[in-house]
Amino acid sequence: MEFYRSRRLGALRSCGARGDATRYNKRVNAASASGDPRTEVQSAPKFSFGQSLAIPLITWAGFLAVRLIGPTLRLAVSFEEGGLACMATRPMILSFWHDCIFPAIYIWRDLQIRVMSSDSFDGEYTGRIIRKFGFVKVRGSSSHGAVRGMLGMRREIEQGATVAFTIDGPRGPRYVAKPGPVVLARATGAPMVAFHIALEKAWKLNTWDRSLIPKPFSRALMRVSRQIAVPASATDKERERFHAELQASLDRVREFAEENVRHVGSEKFPVLARSRISK
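So in my numbering, spot 62 of the sequence shown is number 62, and the numbers just go up one at a time.
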């Protein structure tokens with residue numbers, strides 16, 4: 001069993017309401033100062049017998065679905081002004097909506113990107129699936145182990161790793177950005193980048209996020225935003241502004257991708273030879 005010691009986050013605070021930010025900061029500082037083991041990236045939580053049986057089955061089913069459908073996608077990538085240059089930046093903080101997890105797993109595979117995932121049943125099998133595609137899971141979420149997860153994500157950024165958030169997860173509200181990336185951007189200096197992947201043809205699941213499973217050979221368009229940098233000196237009010245800017249970026253890239261996915265394969269949106277982001 002391996003543990004990662006948490007570090008003091010100092011002035012790390014939420015970019016939400018000031019009262020919530022203060023309470024969050026106190027929790028982080030107290031946990032970091034005390035070495036509370038709940039702030040560490042720990043081994044898998046316990047599940048019921050039925051869940052323990054289901055997790056490996058769901059994991060392999062999910063892995064096979066991504067592995068079989070992913071290579072058939074006709075993918076194009078489009079960047080906002082300055083967005084292409086940001087892809088060379090390491091580390092960075094990626095943010096995207098929960099409903100496009102499936103194509104994101106395949107497109108961003110094998111880059112050792114760190115992803116925060118909860119201790120829940122859903123989080124466990126999702127974490128196992130993404131590990132098979134070269135992602136690294138950091139335990140924690142906005143609803144389960146938030147402080148521990150943020151400490152782990154900060155540690156990974158400080159060691160040079162790019163991290164990613166399904167920013168409206170794990171349970172919504174859908175298309176409403178949570179403050180985690182802004183908190184980490186201010187604390188670490190890593191820039192935030194938003195992206196969205198639109199699918200021309202997909203199955204839509206009956207879940208809170210209406211998750212999309214691409215149909216084989218579907219067109220897919222990924223739109224990537226320009227960078228958003230949050231200075232370490234940002235006040236609570238300024239962090240709220242950066243949070244709003246991130247929300248706007250997520251909305252903007254989603255709208256662009258969904259409006260233009262049908263044009264994938266044209267001169268403006270050529271299909272990539274390999275449906276992935278290069279190292």
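Glycine included, C-beta positions come from ideal geometry on N, C-alpha and C.
CA-CA distance, LYS268 and ALA229?
29 angstroms
Over what stretch of residues does the alpha helix (DSSP H) that includes THR59 continue unbroken?
49 to 69
Smallest Cα separation from ILE197: which of ASN260, GLY169, GLU238 and ASP168?
ASN260
Which of helix, strand or coil does DSSP assign to PHE79?
Reduced to three states, the DSSP call for PHE79 is strand.
Do THR166 and HIS243 have their beta-carbon atoms positioned less than 7 angstroms apart in this structure?
no
Taking DSSP as the reference, what is the three-state secondary structure of THR166?
strand
Limits of the beta strand (DSSP E) - the one that PHE137 falls within:
Phe is not the amino acid found at residue 137; the sequence shown has Lys there. Segment 136 to 139, the beta strand (DSSP E) holding LYS137.
Establish whether the CB of GLU259 and some CB of chain B are separated by less than 7 angstroms.
Although the question refers to chain B, the structure presented lacks it and comprises just one protein chain.
Drop a sphere of 10 angstroms on the beta-carbon of THR126, count the other beta-carbons inside from all chains shown, and report buried for 16 or more, exposed for fewer.
buried
Between the C-alpha atoms of SER118 and TRP108, what's the straight-line distance to the nearest angstrom?
Straight through space, the alpha carbons of TRP108 and SER118 are spaced by roughly 20 angstroms.
On the premise that ALA76 lies in contact with LEU221, defined as a C-beta separation below 8 angstroms, what is that separation, rounded to the nearest angstrom?
5 angstroms
Buried or exposed: where does ALA161 fall if 16 or more other Cβ atoms within 10 Å of its Cβ makes it buried?
buried
DSSP on LYS183, reduced to helix/strand/coil?
For the sequence presented, residue 183 should be read as Val rather than Lys. It is helical.
Does the pairing of the segment 169 to 183 with the segment 77 to 87 give three or more beta-carbon distances under 8 angstroms?
Verdict: no, contact absent.
Does the distance from the C-beta atom of VAL193 to that of GLN227 stay below 7 angstroms?
yes
Taking VAL183 as the reference, which of LEU53, LEU64, SER233 and ARG114 has the closest Cα?
SER233
So which of ARG241, PRO231 and VAL176 has the shortest CA-CA distance to ASP209?
VAL176
Using CA coordinates, which residue listed in MET153, GLY70 and SER218 is at the minimum distance from ALA187?
MET153
Residues sharing a beta bridge with LEU285, DSSP
Beyond the ends of the chain as shown, which are 1 and 279, falls residue 285; an answer cannot be given.
What are the boundary residues of the beta strand (DSSP E) that ARG114 is part of?
114 to 117
Just tell me which of ILE58, TRP60, SER52 and PRO71 has its CA closest to the CA of PHE217.
PRO71
I'd like to know whether the C-beta atoms of ALA185 and ILE93 end up nearer to each other than 7 angstroms.
Closer than 7 angstroms, so yes.
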